[in-house]
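See below for the structure under consideration.
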Amino acid sequence: MHLSSLGWDDSFALAFTPFSASDFVPARVALEHKHAYELLSADGALTAACTGRLLHDATSRDDLPAVGDWVVARLRPGEARADIHAVLPRSTKFSRRAAGDTSAEQIVAANVDIVFLVTALDQNFNVRRIERYLTVAWESGAQPVVVLNKADLHSDPASARAAVAAIASGAPVVALSALSGSESGSVADALGPWLSPGHTVAFLGSSGVGKSTLINRLVGRDQQVTGAISDAVGKGRHTTTHRELILAPSGVLVIDTPGMRELQLWDVEADTLDHAFADIASLAARCRFRDCTHRAEPECAIQAALEDGSLDFGRWQSFQKLQREQAYAARKADPRLARESKAGWKKLNKQARMTARMKGQE
Ligand SMILES: Nc1nc2c(ncn2[C@@H]2O[C@H](COP(=O)(O)OP(=O)(O)OP(=O)(O)O)[C@@H](O)[C@H]2O)c(=O)[nH]1
Ligand SMILES: [Mg+2]
Ligand SMILES: [Zn+2]
9 MHLSSLGWDD SFALAFTPFS ASDFVPARVA LEHKHAYELL SADGALTAAC
59 TGRLLHDATS RDDLPAVGDW VVARLRPGEA RADIHAVLPR STKFSRRAAG
109 DTSAEQIVAA NVDIVFLVTA LDQNFNVRRI ERYLTVAWES GAQPVVVLNK
159 ADLHSDPASA RAAVAAIASG APVVALSALS GSESGSVADA LGPWLSPGHT
209 VAFLGSSGVG KSTLINRLVG RDQQVTGAIS DAVGKGRHTT THRELILAPS
259 GVLVIDTPGM RELQLWDVEA DTLDHAFADI ASLAARCRFR DCTHRAEPEC
309 AIQAALEDGS LDFGRWQSFQ KLQREQAYAA RKADPRLARE SKAGWKKLNK
359 QARMTARMKG QE
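Per our numbering, the sequence shown runs over residues 9 to 370.
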């Protein structure tokens, strides 16, 4: 298999150069077990583990391989096993605060070009949740696409789509049904514009919204186990238990993820919030005082917009909540680690966004 079919590109090749002289091979993380990884390489599938040195040198979870990562591997002679020596710099990464742990970063998926944020048009439909997902997605560097699944359960999917488009800061919004397709045809047709061979797409969203069902439509067979959830509130069990990267017959690389019960922000920059809530940012710029707290100041554009209904109160609350979380996460992060990793990440994220833009223009 050619590496470009797995998403390899010039920037990864460049990062791999220092390793290319010896018997190292590049490979992509498809599945993560507790202490082992399944990798895809030019020579096929490999089972691998991190070297003791990589584990020892890691200062945080962020330094270890995650699904979607490109790693530097070395085959053990005479065995179908490999050792992972290094993780190549990520073009994008989707992180959240690990559930139950306020200070640990969990990488949900790495090197993702397009992230499908899936919600269901059922009784759990929640615009505020979509805002939260979008904020994290913008920060990841991947291009978000909002997918409203289970359109067959909604009386007016087009109006739901319009309501979401109004808060999506320019991200495309698609309404469809994994069971019956969409106005424009099959699931593959509806998501077609974002499914290019060699590109990586990830499906994210709460448990039971139909991520795995959608992926099965794209892959053309029941590759992923799907299941009905036991209760409507979404507290039920997760059918998908592992993050996994799958190569679809069409050539697109698809990452399935288990539903996330909580999506706490990790390391979201203030300007990402301003991008996700561009309407609020532009209102705030019109307040009389630059440091307006939007509570009781005179000539506050936010208060005025809330009063005349042009700014939805729920959206304003959602923004404030995410802002508090963002500030909390920023304080909580170890200042030394933050300093070290931020500079590098900023640069990488910028590069990633530029690459994504260039890809889009091709
Ligand atoms: N009515 C309807 N049901 C759907 C649709 N898509 C998925 N479902 C059903 O929703 C249930 C959950 O689907 P899954 O694909 O397992 O959901 P998931 O998002 O992968 O869930 P986790 O793996 O737990 O995160 C299954 O019973 C599916 O058959 C749809 O478009 N319409
Ligand atoms: Mg699933
Ligand atoms: Zn104000």
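Every residue gets a Cβ at the ideal spot worked out from N, C-alpha and C, and that includes glycine.
So residue i and residue j are in contact, right, with Cβ under 8 Å, and what is the actual spacing, rounded?
{"i": "leucine 96", "j": "valine 79", "result": "7 Å"}
{"i": "phenylalanine 102", "j": "alanine 66", "result": "19 Å between Cβ atoms; not a contact."}
{"i": "alanine 56", "j": "arginine 89", "result": "7 Å"}
{"i": "glutamate 113", "j": "aspartate 70", "result": "5 Å"}
{"i": "arginine 298", "j": "glutamate 305", "result": "Between glutamate 305 and arginine 298 the Cβ distance is about 11 Å, and since that is not below 8 Å, they are no contact."}
{"i": "glycine 206", "j": "glycine 322", "result": "Actually they are not in contact, since the Cβ atoms of glycine 206 and glycine 322 sit about 40 Å apart, beyond 8 Å."}
{"i": "aspartate 31", "j": "arginine 82", "result": "6 Å"}
Skipping 5 residues on each side, what residues in its chain have a beta carbon closer than 6 Å to that of residue i?
{"i": "arginine 344", "result": "Confidence is the limiting factor: at arginine 344 the pLDDT is only 48, short of 50, which leaves the residue's position unreliable and the question unanswerable from this model."}
{"i": "alanine 159", "result": "Leu129, Pro165, Ala183, Leu184, Ser185"}
{"i": "glutamine 328", "result": "none"}
{"i": "threonine 59", "result": "Asp91, His93"}
{"i": "glycine 86", "result": "none"}
{"i": "glutamine 232", "result": "Ser220, Ile223, Asn224, Asp264"}
{"i": "cysteine 300", "result": "Cys308"}
{"i": "alanine 173", "result": "Val181"}
Which one of the options has the shortest CA to CA distance from residue i?
{"i": "serine 12", "options": "Ser204, Pro266, Gly218", "result": "Ser204"}
{"i": "alanine 171", "options": "Val144, Asn134, Thr143, Ala145", "result": "Asn134"}
{"i": "proline 152", "options": "Ala21, Met268, Leu199", "result": "Leu199"}
{"i": "leucine 142", "options": "Ser163, Gly213, His162, Gln131", "result": "Gly213"}
{"i": "proline 180", "options": "Val155, Thr221, Glu277, Arg137", "result": "Val155"}
{"i": "valine 37", "options": "Ser148, Asn132, Leu261", "result": "Leu261"}
{"i": "serine 132", "options": "Thr55, Ser177, Ser215", "result": "In the sequence on display, residue 132 carries asparagine and not serine. Asparagine 132 has its Cα closest to that of Ser215, out of Thr55, Ser177, Ser215."}
{"i": "proline 266", "options": "Gln334, Asp31, Ser188, Thr248", "result": "Thr248"}
{"i": "alanine 168", "options": "Gly178, Thr127, Trp202", "result": "Thr127"}
{"i": "arginine 136", "options": "Ala176, Asp17, Leu54, Arg104", "result": "Ala176"}
{"i": "glycine 178", "options": "Glu139, Asp197, Ser19", "result": "Glu139"}
{"i": "leucine 48", "options": "Met9, His64, His302", "result": "Met9"}
{"i": "alanine 50", "options": "Ser68, Val195, Val33", "result": "Val33"}
{"i": "glutamate 333", "options": "Arg303, Thr301, Ala278, Cys308", "result": "Ala278"}
{"i": "alanine 35", "options": "Thr25, Ala44, Gly235, Ala53", "result": "Ala53"}
{"i": "isoleucine 268", "options": "Leu62, Ser19, His64, Ile115", "result": "Here the sequence assigns methionine to residue 268, which means isoleucine is not the residue at that position. Closest by alpha carbon: Ile115."}
{"i": "alanine 284", "options": "Glu315, Asp316, Ser326, Cys300", "result": "Ser326"}
{"i": "lysine 42", "options": "Pro26, Pro73, Ser68", "result": "Pro73"}
Any heavy atom of ligand 4 closer than 8 Å to the beta-carbon of residue i?
{"i": "isoleucine 310", "result": "Ligands in the displayed structure: ligand 1, ligand 2 and ligand 3; ligand 4 is not one of them."}
Which same chain residues, not among the five before or five after residue i, have their C-beta less than 8 Å away from its C-beta?
{"i": "leucine 319", "result": "Asp287, Ile288, Leu291, Ile310, Ala313"}
{"i": "isoleucine 263", "result": "Val75, Gly76, Ala117, Val120, Thr208, Val209, Ala210, Phe211, Arg251, Glu252, Leu253, Ile254"}
{"i": "proline 257", "result": "Val227, Gly228"}
{"i": "threonine 280", "result": "Thr143, Trp146, Glu147"}
{"i": "histidine 302", "result": "Ala292, Cys295, Cys308, Ile310, Gln311"}
{"i": "serine 192", "result": "Ala198"}
Indicate the three-state DSSP secondary structure (helix, strand or coil) for residue i in the structure shown.
{"i": "histidine 302", "result": "coil"}
{"i": "isoleucine 175", "result": "coil"}
{"i": "tryptophan 202", "result": "helix"}
{"i": "histidine 93", "result": "strand"}
{"i": "alanine 44", "result": "coil"}
{"i": "proline 34", "result": "strand"}
{"i": "threonine 25", "result": "helix"}
{"i": "aspartate 51", "result": "coil"}
{"i": "arginine 137", "result": "helix"}
{"i": "tryptophan 16", "result": "coil"}
{"i": "phenylalanine 321", "result": "helix"}
{"i": "leucine 187", "result": "coil"}
{"i": "threonine 221", "result": "helix"}
{"i": "leucine 129", "result": "coil"}
{"i": "threonine 208", "result": "strand"}
{"i": "leucine 11", "result": "helix"}
{"i": "arginine 69", "result": "helix"}
{"i": "alanine 81", "result": "strand"}
{"i": "phenylalanine 297", "result": "coil"}
What residue does the beta strand (DSSP E) around residue i start on, and which one ends it?
{"i": "isoleucine 115", "result": "113–118"}
{"i": "valine 181", "result": "181–183"}
{"i": "leucine 156", "result": "151–157"}
{"i": "alanine 284", "result": "Note, alanine 284: premise wrong, no beta strand (DSSP E); alpha helix (DSSP H) at 278–284."}
{"i": "leucine 261", "result": "261–264"}
I need the boundaries of the alpha helix (DSSP H) containing residue i, first residue and last residue.
{"i": "glutamine 311", "result": "309–316"}
{"i": "arginine 61", "result": "60–65"}
{"i": "leucine 6", "result": "No answer is possible for residue 6: it lies beyond the span of the chain, which begins at 9 and ends at 370."}
{"i": "valine 75", "result": "Here valine 75 belongs to no alpha helix (DSSP H), and DSSP marks it neither H nor E."}
{"i": "arginine 98", "result": "Careful: arginine 98 lies outside any alpha helix (DSSP H) and carries neither H nor E."}
Leaving aside the five residues before and after residue i along the sequence, list all residues of the same chain whose C-beta is less than 7 Å from its C-beta, in chain order.
{"i": "glycine 218", "result": "Val126, Ala128, Asn157, Lys158, Ala186"}
{"i": "alanine 23", "result": "Leu96, Pro97"}
{"i": "glycine 259", "result": "Ser13, Pro205, Gly206"}
Taking 9 Å as the CB-CB limit, is residue i close to chain C?
{"i": "histidine 302", "result": "As a matter of chain content, chain C is missing from the structure shown, which is built from one protein chain."}
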